[in-house]
Each structure stands twice: as structure tokens, then as C-alpha cells.
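*Asks:* Below you'll find the structure I mean.
Numbering (my numbering), first residue to last: 282 to 540.
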């Protein structure tokens with residue numbers, strides 16, 4: 282199964298997974314795929330958390346968070362607020378505006394939000410491009426876990442020290458975003474949509490990670506993107522998408538999509 286998924290990733294094509302795939306097997310598939318990507322020279326740079334937005338759970342058929350690796354060839358750290366992103370090799374890509382953390386110390390499961398904040402070096406607004414080799418309707422979390430956590434690209438805007446925020450948990454939970462495509466508003470979202478806030482989502486995920494994938498940890502120097510503040514929106518070559526945030530500490534982004 283891992284070989285089939287890696288081939289689909291390399292060729293940018295869909296495939297069908299076994300209907301009886303269970304979550305324990307999906308994590309084994311994910312681990313094997315990671316081993317192969319590392320052996321092929323890819324370097325993990327962090328993590329994505331998916332399905333932290335409860336509002337989209339019924340639409341996609343997944344009712345709990347999942348996660349997957351972010352790689353050196355899927356991560357872009359912008360110096361400004363405008364980026365050009367190729368959709369080549371992605372299958373049914375969608376856009377998700379998110380909040381991203383970068384770590385200066387290893388976070389641990391069981392930490393409260395204040396302790397987690399002390400582990401964080403920077404916070405940024407990011408846009409994740411998710412995609413699926415197996416279709417956008419799932420019967421539980423197993424298929425998206427096996428399918429690389431649905432991760433395609435992560436574009437991270439200007440990084441800001443977390444200390445710039447007073448009461449960062451509350452501020453990030455209250456943060457609002459407006460999402461536009463080619464100048465037309467498509468959606469609005471809020472930080473609280475991701476399991477009551479990005480730091481809350483991080484705390485919940487670390488506990489789930491320790492339970493489902495024991496021995497796997499987040500390390501200093503890695504980044505974590507905490508889930509979409511809006512619905513996930515289909516994107517196409519030639520479109521320009523823009524986010525506008527209502528907090529002066531973080532910059533909105535403009536992403537132009539190429540083939």
C-alpha cells in the first residue's frame with residue numbers, strides 16, 4: 282500500500298485504497314512511506330494537523346484530527362507576503378488558511394497552553410495546499426492518514442515572535458480571516474474554529490500523537506501548521522487567492538497558482 286501511494290505521489294495520479302483499511306494499518310503505511318521518502322533524500326521539516334476544524338467534519342467524513350509530515354520539498358518560507366505556487370503533481374488541490382508555529386524547544390504531551398507557548402519561537406500565518414489521491418469523501422480517518430495526511434504544500438508568511446502577543450492563546454483564538462479568490466470574497470473564518478484555538482489544537486494533537494504514534498515527537502526547529510480556519514477551497518492554475526487578517530501582528534498572504 283505504501284508503495285502504491287508513493288507511486289501516486291510521484292506521478293500525481295489518483296488511486297483506490299482498500300475499503301477495509303483501519304487506522305492502525307494506516308499509521309503503519311504512513312511510517313513506511315516516511316522511511317522511503319527519507320531514504321530518497323527528503324528531509325522532514327515539520328508537521329501538519331488536519332481536521333481540527335469541527336465545522337467541516339460532517340462534509341468530509343472525518344471526526345477527529347489527523348497529522349502528517351511537512352517536507353523540505355513541500356515547505357516555502359516567504360520573506361514577504363506574495364508567493365507563487367505550482368500545483369504540478371497535486372490531485373484535486375484545495376487551499377486552507379492556517380496558523381503555523383515554529384519551535385525553539387521540544388513540546389511535550391500533557392503541557393498546558395502556557396507551557397506550550399514557552400516552547401514556541403515564532404508564529405505565522407500560512408496557507409496549506411492539501412490534496413488527495415483517494416477522493417474528498419472519507420469513511421473515517423484511515424485513508425487520509427495513509428495518504429500522507431493529505432499534505433501537498435505549505436506556504437508560510439512572515440514569522441513573528443510569539444512574545445509579540447499578550448495572552449497568545451486568546452488572541453490567536455479570536456483572530457479572524459477573510460479569504461478571497463481573484464478579488465471576490467469566498468469565506469471567513471476564525472482561530473477558534475480549530476479546536477477552540479491554534480494553541481488548543483496543538484495541545485490536543487500532542488496528546489493524540491502520544492497515544493496513536495508513541496515514540497514520535499515534535500522537535501525544536503520544526504514547524505507545525507494547526508488546521509484550516511475556513512473550509513478547504515478547490516484551487517486551479519491561474520487563480521490568485523488572498524487572505525486578510527484582523528490582527529496587525531500577522532500578515533495576510535497572496536498566492537498565485539501556476540502549473
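Beta carbons are placed, not taken as given, at the ideal position from N, Cα and C, and that holds for glycine.
#1: Throw me the rounded Cβ distance for the residue 390 and residue 487 pair, which I believe falls under 8 angstroms.
#2: Cα separation between residue 329 and residue 349?
#3: Spatial neighbours of residue 429 within its chain, please: CB distance less than 6 angstroms, with the 5 preceding and 5 following residues excluded, ordered by chain position.
#4: Cβ of residue 373 within 7 angstroms of any heavy atom in the ligand FMN?
#5: Just the C-alpha distance for residue 438 and residue 524, rounded to the nearest angstrom, thanks.
#6: Would you list the residues sitting across from residue 348 in a DSSP beta bridge?
#7: Residue 451 bridges to which residues according to DSSP?
#8: Quick check: what's the CA-CA separation for residue 511 versus residue 503?
#9: Which of the three DSSP states is assigned to residue 585 in this structure?
#10: Look up residue 378 in the DSSP assignment and say whether it is helix, strand or coil.
#11: According to DSSP, is residue 295 part of a helix, a strand, or is it coil?
#12: I'd like to check one pair, residue 451 with residue 477: are the Cβ atoms closer than 8 angstroms?
#13: In the structure shown, what three-state DSSP assignment does residue 446 receive?
#14: Quick one, are the C-beta atoms of residue 456 and residue 528 less than 8 angstroms apart?
#15: When the Cβ atoms of the region 377-394 are set against those of the region 412-427, are three or more pairs found closer than 8 angstroms?
#16: How is residue 488 classed by DSSP in three states: helix, strand or coil?
#17: In angstroms with no decimal places, state the Cα-to-Cα distance between residue 470 and residue 304.
#18: Where do the N-terminal and C-terminal ends of the beta strand (DSSP E) with residue 405 fall, by residue?
#19: Taking all protein chains shown into account, decide if residue 540 is buried (16 or more other Cβ within 10 angstroms of its Cβ) or exposed.
#20: Would residue 514 and residue 536 be called neighbours here (beta carbons separated by less than 8 angstroms)?
#21: Could you give the DSSP three-state label for residue 339: helix, strand or coil?
#22: What number of angstroms, rounded off, separates the C-alpha of residue 344 from the C-alpha of residue 338?
#23: Looking at residue 508 and residue 379, is the spacing between their C-beta atoms short of 8 angstroms?
#24: According to DSSP, simplified to helix, strand and coil, what is residue 316?
*Replies:* To lay it out plainly:
#1: On the chain shown, residue 390 is found 109 positions in, with the first residue counted as 1. On the chain shown, residue 487 is found 206 positions in, with the first residue counted as 1. Contact flag correct, Cβ pair sits at about 4 angstroms.
#2: In the chain shown, counting from the first residue as 1, residue 329 sits at position 48. In the chain shown, counting from the first residue as 1, residue 349 sits at position 68. So the two alpha carbons sit approximately 5 angstroms from each other.
#3: Locating residue 429 in the chain shown gives position 148, counting from the first residue. 349, listed in sequence order.
#4: In terms of ligand content, the structure shown is empty, and the ligand FMN therefore cannot be addressed.
#5: Numbered from 1 along the chain shown, position 157 holds the residue referred to as residue 438. Numbered from 1 along the chain shown, position 243 holds the residue referred to as residue 524. Going from the Cα of residue 438 to the Cα of residue 524 covers about 11 angstroms.
#6: Working through the chain shown from its first residue, we reach residue 348 at position 67. In the DSSP output, where bridge partners are listed per residue, residue 348 has 330.
#7: Start at 1 with the first residue of the chain shown, and residue 451 comes out as number 170. DSSP links residue 451 through a beta bridge to no other residue.
#8: The residue labelled residue 511 in the question sits at position 230 within the chain shown. The residue labelled residue 503 in the question sits at position 222 within the chain shown. Near 24 angstroms, if we compare the C-alpha coordinates of residue 503 and residue 511.
#9: This structure leaves residue 585 out entirely; the chain is present only between 282 and 540.
#10: Taking the chain shown and counting its residues from 1, one reaches residue 378 at position 97. In this structure, residue 378 counts as strand in the three-state DSSP scheme.
#11: Here residue 295 corresponds to residue number 14 of the chain shown, with the count starting at 1. Coil at residue 295, not helix or strand.
#12: Position 196 of the chain shown holds residue 477. Position 170 of the chain shown holds residue 451. Cβ atoms of residue 477 and residue 451: not closer than 8 angstroms.
#13: As a first step, residue 446 is located in the chain shown; it is residue number 165 there, counting from the start. Looking at residue 446 - three-state DSSP - the assignment turns out to be coil, as it is neither helix nor strand.
#14: Position 175 of the chain shown holds residue 456. Position 247 of the chain shown holds residue 528. Cβ distance < 8 angstroms, so residue 456 and residue 528 count as in contact.
#15: no
#16: Position 207 of the chain shown, counted from the start, is the residue given in the question as residue 488. Looking at residue 488 - three-state DSSP - the assignment turns out to be helix.
#17: Along the chain shown, one-based indexing puts residue 470 at 189. Along the chain shown, one-based indexing puts residue 304 at 23. Approximately 30 angstroms between the Cα atoms of the pair.
#18: Translated into positions along the chain shown, residue 405 becomes position 124. Residues 401-411.
#19: Indexing the chain shown from 1 puts residue 540 at position 259. That one is exposed.
#20: Walking along the chain shown from the start, residue 514 turns up at place 233. Walking along the chain shown from the start, residue 536 turns up at place 255. In this structure, residue 536 does not lie closer than 8 angstroms to residue 514 by Cβ.
#21: Reading the chain shown from its first residue, position 58 is the one you call residue 339. The answer is helix: DSSP assigns residue 339 an H, G or I state.
#22: Residue mapping note: residue 344 aligns to position 63 of the chain shown, counting from 1. Residue mapping note: residue 338 aligns to position 57 of the chain shown, counting from 1. Going from the Cα of residue 344 to the Cα of residue 338 covers about 5 angstroms.
#23: Within the chain shown, residue 379 is the residue found at index 98, counting from 1. Within the chain shown, residue 508 is the residue found at index 227, counting from 1. Yes. Within cutoff.
#24: Translated into the one-based positions of the chain shown, residue 316 becomes position 35. When DSSP states are grouped into helix, strand and coil, residue 316 belongs to the helix group.
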